[in-house]
Amino acid sequence: MKNQNVREFKPKRKVITYGTFDLLHMGHINILRRAKERGDYLVVAVSSDEFNKLKHKEAYYSYEDRKAILEAIKYVDEVIPEHNWGQKVKDVQKHDIDVFVMGDDWKGEFDFLKEYCEVVYLARTSGVSTTKTKQELSKQHG
Numbered sequence: 001m002k003n004q005n006v007r008e009f010k011p012k013r014k015v016i017t018y019g020t021f022d023l024l025h026m027g028h029i030n031i032l033r034r035a036k037e038r039g040d041y042l043v044v045a046v047s048s049d050e051f052n053k054l055k056h057k058e059a060y061y062s063y064e065d066r067k068a069i070l071e072a073i074k075y076v077d078e079v080i081p082e083h084n085w086g087q088k089v090k091d092v093q094k095h096d097i098d099v100f101v102m103g104d105d106w107k108g109e110f111d112f113l114k115e116y117c118e119v120v121y122l123a124r125t126s127g128v129s130t131t132k133t134k135q136e137l138s139k140q141h142g
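The sequence shown maps to residues 1 to 142 in the numbering used here.
Here is the structure:
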């Protein structure tokens, strides 16, 4: 007979997603919520300021500010820096990731990770993007 006082060990299902996460909007919240629904623990890799420069992408907020904002969101358990395109395999292995999640605008781009974990592409929130927000703000203040 099983001892009723002993909890059965169930390993956490760990999920990871990547992004710049600048000018936080509902699209960001939706992907974080939906990523977290795929497991028990969500790691968010955020593009460092140096990596953004390499990508010719300019974030309004610094890496440290974007990290702090993400850490305040209830779906996010851990925030790590993304320094380059090639670190994803190492991140998946180092953090013992079960599921890799990205927006479906990246569909197929990260299928090479399937040998390490499940790869899921989620539909983006329509009508919302940081680029669109920045364009609308520049029109208002241009």
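Think of the CB as a built atom: it goes at the ideal place given N, C-alpha and C, for glycine as much as any other residue.
Presumed contact (8 angstroms Cβ cut-off) between residue i and residue j, rounded CB distance
i: G39; j: D111; result: The Cβ separation is near 20 angstroms, so there is no contact.
i: L70; j: V44; result: 5 angstroms
i: K14; j: D96; result: 6 angstroms
i: G108; j: R124; result: Not quite, the Cβ-Cβ distance comes to about 15 angstroms (not below 8 angstroms), so this is no contact.
Short Cβ contact (8 angstroms threshold) for residue i with residue j
i: Y75; j: L122; result: no
i: Y41; j: D91; result: no
i: D22; j: A59; result: yes
i: Y52; j: T20; result: Per the sequence shown, residue 52 should be read as Asn rather than Tyr. Yes; because the gap between Cβ atoms is below 8 angstroms, this pair is in contact.
i: V79; j: V119; result: no
i: S143; j: P11; result: Lying before the first or after the last residue shown, residue 143 is absent from the chain, which here runs from 1 to 142.
i: Q170; j: Y116; result: Nothing about residue 170 can be reported from this structure: the residues present for the chain run from 1 to 142 only.
Residue i burial status per 10 Å Cβ neighbour count (16 or more: buried)
i: A35; result: buried
i: H83; result: exposed
i: S126; result: exposed
i: M1; result: Bear in mind that a pLDDT of 48 at M1, under 50, signals an unreliable position, so the number given afterwards is only what the model happens to contain. It counts as exposed.
i: H178; result: Nothing can be reported for residue 178: it is not among the residues displayed for the chain, which extend from 1 to 142.
i: S62; result: exposed
i: V89; result: exposed
i: L113; result: buried
i: M26; result: exposed
Residues bridged to residue i (per DSSP)
i: K74; result: For K74, which the question treats as bridged, DSSP gives no partner whatsoever.
i: Y18; result: A45
i: F100; result: I16 and V119
i: E82; result: S47
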